[in-house]
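The next block holds one structure in the form of C-alpha cells; read it before the comments.
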Amino acid sequence: MVEVEGYSVPEGLCYSKDFAWVKIENDRVRVGITDYAQKTLREIVYTELPDVGLEVKQNEPYGTLESVKAVYDIVLPVSGRVEEVNEEVLSHPELLNEDPYGKAWLLIIRPSDLQTELGNLMDFDRAVEWHKMQVREK
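Heads up: the sequence shown begins at 395 in the working numbering, then just goes up one per residue.
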C-alpha cells in the first residue's frame, strides 16, 4: 500500500478514473470506491446500489452515494452481471468512510468482457501517479 498525500492506494487492484477499484477474484470481480472518493465525499450517509441479476455496463452509473456534502453517481469500472450486493453497506453507509477497501466493497460482478475492459483501467503504478495528479489539481 502506498499513501499519496494521505490517500491510500493498495497494490493488487485495478482503478478507474471514476474513483472505483476492482479486485479480480477468479471469474468474478469485487468493486468498491477508493479512499480518495470517500475522503472527498466526507461523511457518507446513504448508499443506493443495483439489484442482483442486473446487467451493467462499464462507464455507466449504477448507483449513488449521498454524503453530507453531495450526491455522487457511482460509475461501473467493468461490464457484467451483478452477482452480489454488499447489504451491510446499504444499512451502514458509514463503512465506506471506515474501510473502503475491505468491509465496504459494493458489488461482486461476473464480468462479460474483462480482458478487453482491463485496458480501460489503471494498474497500481498508473493509479499512484494519477492520485498524485489529483492531489496537485486540488
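Think of the CB as a built atom: it goes at the ideal place given N, C-alpha and C, for glycine as much as any other residue.
List in chain order: all unbroken alpha helix (DSSP H) runs of 4+ residues lying wholly within the stretch 428-466.
-> 429-435
Use the C-beta contact count for residue 458: other C-beta atoms within 10 angstroms, 16 or more gives buried, fewer gives exposed.
-> exposed
Would you say residue 463 touches the ligand GDP, meaning its beta carbon is less than 7 Å from a heavy atom?
-> For the structure depicted, the ligand GDP is absent and the ligand set is empty, with no information on it obtainable.
Looking at C-beta atoms only, is the number of pairs between the stretch 440-452 and the stretch 412-420 that lie closer than 8 Å three or more?
-> no
Range of the contiguous alpha helix (DSSP H) that encloses residue 511 | 508-511
What are the start and end residues of each continuous beta strand (DSSP E) run of 3 or more residues lying completely inside the stretch 464-493, in chain order?
-> 465-469 and 474-479
Apply the 10 Å Cβ neighbour rule to residue 410 and answer buried if 16 or more other Cβ atoms are within range, or exposed otherwise.
-> buried
Mind reading off the beta-carbon distance from residue 442 to residue 491? Whole number of angstroms is fine, and I expect it under 8 Å.
-> Actually they are not in contact, since the Cβ atoms of residue 442 and residue 491 sit about 17 Å apart, beyond 8 Å.
From the DSSP output, in three-state form, read off residue 526 for me.
-> helix
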